[in-house]
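Report on the following structure.
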């Protein structure tokens, strides 16, 4: 009959080889979220006169 | 004069956030809030952008606070479109925080208003968000137990099926609108939903579409995501050669994009794939690459799993000395990170190896002398995994006997 060490080595191999248990990286790659955006200029330009926006931005440029 | 000052600060905040510096943007927006304004629409826009900036900075509690302020304000001034947007943002934030029921209510509100205003773009975006909430909800419940994709309790299956339906509805609209970028996102997440549901062929079809669109846009991150997801799906279809090809593409792109964590993930996936192909030399090669990066990134959990995998691969090759070395290292690391399940696995591996080696070595029981008391609470304390830390998301997966039979 098979020597004990050899038999155990075979058993051990069959135990771990084609993976009854394998570490599988279950790492799904999701797509990014989309956030809704607001801007102060959207609302500002609707609410106030264009000239005020203009004076504001030109003042910034002069700085 | 004060009005202009608040606006100026807000404009600078917007500019900084658009340039990608959300941290600095937040300071300017908060300064703008301090100065204050009587224009509630301007204030609403500032709150909304603060919420989004905190969201991108992963400070979700702060994001929640500001999106909530925005929602309250939008309702107060009767700004319906503003309310829809705030609801959507609040929904996304609640989702990340794991509050799925409230997230659904908010995203549904976004959807209802968009339909009321006949805003097709808003409607599509709300449907995508709803899909994401149901996907997260399903995944969250599923990860509480240890299931393979496709083997799910009913509540998980229901949530994932809803997610798939919302993504499909979204796809119908964005296809009509000709919005390719939105189609790409929907295909990617639809693919992942089919994957969890165990519809691996459908997952492949969706990810192939995602890949096509990513290439159209030259979006290499999205391309890499698609390769990785295709690899995962082919593993479960039992087509390991194909999976290995996709993982190799993932690895290539990860290296080009200089993302070490993703590179490690790809090496790890390749190591596992070559194990399934019973090519243990290649498996060892990739697991060693993974090990090096895990050590470099000080990712102990990844390192432990690399050692576990290496121990198995060396055992398969009959190299028991190396197997012993890595099993011992796995045990050390499992103890260090408090991974009871890993610790038990490592002890069992060691005792198996010891049995074989015990016959060739005389009495080497250095590690095993401590192993009389083996705790039974194996499912007790696995460390929680963080969001978007790819290497920490590796799960210990049991393959069912039927699958193993099918694969061999």
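Chains as they are written, first to last, in the working numbering: chain A, -13 to 49; chain B, 28 to 435.
Idealized CB from N, CA, C, for every residue including glycine.
Practice task
Report buried or exposed for residue 299 of chain B, applying the criterion of at least 16 other Cβ atoms within 10 angstroms of its Cβ.
Solution key: Buried, since its Cβ has 16 or more Cβ neighbours within 10 Å.
Practice task
Pick helix, strand or coil for residue 181 of chain B, following the three-state DSSP scheme.
Solution key: It is helical.
Handout entry: Beta-carbon contacts of residue 428 of chain B that lie in its chain and below 8 Å, excluding the five residues immediately before and after
Key = For residue 428 of chain B, the predicted model reports a pLDDT of 33, less than 50, meaning its position is unreliable; a value from the coordinates is still stated below. Excluding residues within five positions, none has a Cβ falling inside 8 Å.
Practice task
Could you tell me whether any Cβ in chain A is nearer than 9 Å to the Cβ of residue 255 of chain B?
Solution key: Yes, its Cβ sits closer than 9 Å to a Cβ of chain A.
Exercise for the section: Take residue 307 of chain B as the anchor and find which of B:380, B:188, B:321 and B:337 has the nearest alpha-carbon. Expected result: Ranked by Cα distance from residue 307 of chain B, the first of B:380, B:188, B:321 and B:337 is B:337.
Exercise for the section: Answer yes if the region 93 to 107 of chain B comes into contact with the region 64 to 76 of chain B, meaning at least three C-beta pairs across the two stretches below 8 Å, and no otherwise. Expected result: Yes, since at least three Cβ pairs between the region 64 to 76 of chain B and the region 93 to 107 of chain B fall closer than 8 Å, the two stretches touch.
Practice task
Spell out whether any CB of chain A is found under 9 Å from the CB atom of residue 69 of chain B.
Solution key: Using a Cβ-Cβ cut-off of 9 Å, residue 69 of chain B counts as an interface residue toward chain A, since at least one Cβ of chain A sits closer than that to its own.
Problem - Where residue 304 of chain B sits in the DSSP three-state scheme - result: Residue 304 of chain B falls in the coil class under three-state DSSP.
Practice task
Let me know if residue 116 of chain B comes out buried or exposed under the rule of 16 or more other beta-carbons within 10 Å of its beta-carbon.
Solution key: Residue 116 of chain B should be labelled buried.
Exercise for the section: Mark residue 283 of chain B as exposed unless 16 or more other C-beta atoms lie within 10 angstroms of its C-beta, in which case mark it buried. Expected result: Here residue 283 of chain B is exposed: its Cβ has fewer than 16 other Cβ atoms, across all protein chains shown, within 10 Å.
Handout entry: Opening and closing residue of the alpha helix (DSSP H) in which residue 234 of chain B lies
Key = Annotation: the continuous alpha helix (DSSP H) that includes residue 234 of chain B extends over 227 to 244.
Exercise for the section: Spell out whether any CB of chain A is found under 9 Å from the CB atom of residue 315 of chain B. Expected result: Interface residue (Cβ-Cβ distance to chain A less than 9 Å): residue 315 of chain B is not classified as such.
Exercise for the section: Using a Cβ cut-off of 8 Å, pull out every chain A residue sitting near residue 261 of chain B, in sequence order please. Expected result: The contact set of residue 261 of chain B on chain A, defined by CB atoms closer than 8 Å, is empty, because the minimum CB distance reaches about 12 Å.
Exercise for the section: Establish whether the CB of residue 251 of chain B and some CB of chain A are separated by less than 9 Å. Expected result: For residue 251 of chain B, the answer is yes, since a Cβ of chain A falls inside 9 Å of its Cβ.
Practice task
Check residue 104 of chain B in the structure and name its three-state DSSP category.
Solution key: Reduced to three states, the DSSP call for residue 104 of chain B is coil.
Problem - Closer than 9 Å to chain A by CB, residue 296 of chain B - result: Chain A, which has a Cβ nearer than 9 Å to the Cβ of residue 296 of chain B, makes this yes.
Problem - Backbone secondary structure at residue 25 of chain A - three-state DSSP - result: Three-state DSSP puts residue 25 of chain A in coil, outside helix and strand.
Exercise for the section: May I ask you to list, following chain order, the residues of the region 72 to 95 of chain B that have a beta carbon less than 7 Å from some beta carbon of chain A? Expected result: Taking 7 Å as the Cβ-Cβ cut-off against chain A, the residues of the region 72 to 95 of chain B that qualify are 72, 73, 75, 76, 79 and 82.
Handout entry: Three-state class that DSSP yields for residue 312 of chain B in the structure shown
Key = Residue 312 of chain B: helix per DSSP, three-state reduction.
Practice task
Assign residue 257 of chain B to buried or exposed, taking buried as 16 or more other Cβ atoms, counted over all protein chains shown, within 10 Å of its Cβ.
Solution key: Here residue 257 of chain B is buried. Its C-beta has 16 or more other C-beta atoms within 10 Å.
Exercise for the section: Measure the Cβ-Cβ separation of residue 108 of chain B and residue 140 of chain B and say whether it is below 9 Å. Expected result: Result yes, Cβ atoms of residue 108 of chain B and residue 140 of chain B sit closer than 9 Å.
Handout entry: Alpha-carbon spacing of residue 133 of chain B relative to residue 122 of chain B, whole angstroms
Key = Answer to the nearest angstrom: the Cα atoms are 10 Å apart.
Problem - For residue 285 of chain B, the three-state DSSP class (helix, strand or coil) - result: Correct three-state label for residue 285 of chain B: coil.
Exercise for the section: Report buried or exposed for residue 325 of chain B, applying the criterion of at least 16 other Cβ atoms within 10 angstroms of its Cβ. Expected result: By the 10 Å Cβ count, residue 325 of chain B comes out exposed.
Practice task
State the DSSP-derived secondary structure class of residue 78 of chain B, mapped to helix, strand or coil.
Solution key: Of the three classes helix, strand and coil, the one that applies to residue 78 of chain B here is helix, per DSSP.
Exercise for the section: Have a look at residue 13 of chain A and residue 142 of chain B and give me their C-alpha separation to the nearest angstrom. Expected result: Spanning the two alpha carbons is a distance of roughly 35 Å.
Practice task
Quick one: list the residues of chain A neighbouring residue 265 of chain B, beta-carbon separation under 7 Å, in chain order.
Solution key: None at all; the shortest Cβ gap to chain A is about 12 Å.
Problem - Close beta carbons around residue 347 of chain B, own chain, < 7 Å, minus the five adjacent residues each side - result: For residue 347 of chain B, where only same-chain residues beyond five positions count, the Cβ hits under 7 Å are 380, 383 and 384.
Practice task
Using the Cα positions of residue 328 of chain B and residue 364 of chain B, report the straight-line distance between them to the nearest angstrom.
Solution key: Computed Cα separation, rounded: 7 Å.
Problem - CB contact below 9 Å: residue 8 of chain A versus chain B - result: Confidence in residue 8 of chain A is poor, its pLDDT being 47 and thus under 50, which makes the residue's placement unreliable; the coordinate value appears in the next sentence. It does: the Cβ of residue 8 of chain A has a partner Cβ on chain B nearer than 9 Å.
Practice task
Taking only beta-carbon positions, decide if residue 436 of chain B is within less than 9 Å of chain A.
Solution key: Summary: the structure shown does not reach residue 436 of chain B, with chain B confined to residues 28 through 435, and so no result is reported for it.
Problem - Inter-residue spacing [alpha-carbon to alpha-carbon] between residue 411 of chain B and residue 333 of chain B - result: Since pLDDT at residue 411 of chain B reaches only 34, below the 50 mark, its modelled position is unreliable, and the value read off the structure follows with that caveat. For residue 411 of chain B and residue 333 of chain B, the distance between alpha carbons rounds to 19 Å.
Exercise for the section: Helix, strand or coil for residue 85 of chain B, going by three-state DSSP, please let me know. Expected result: In this structure, residue 85 of chain B counts as coil in the three-state DSSP scheme.
Exercise for the section: Please confirm whether any heavy atom of the ligand ATP lies closer than 8 Å to the CB of residue 284 of chain B. Expected result: In the structure on display, the ligand ATP does not appear, and there are no ligands present to speak of.
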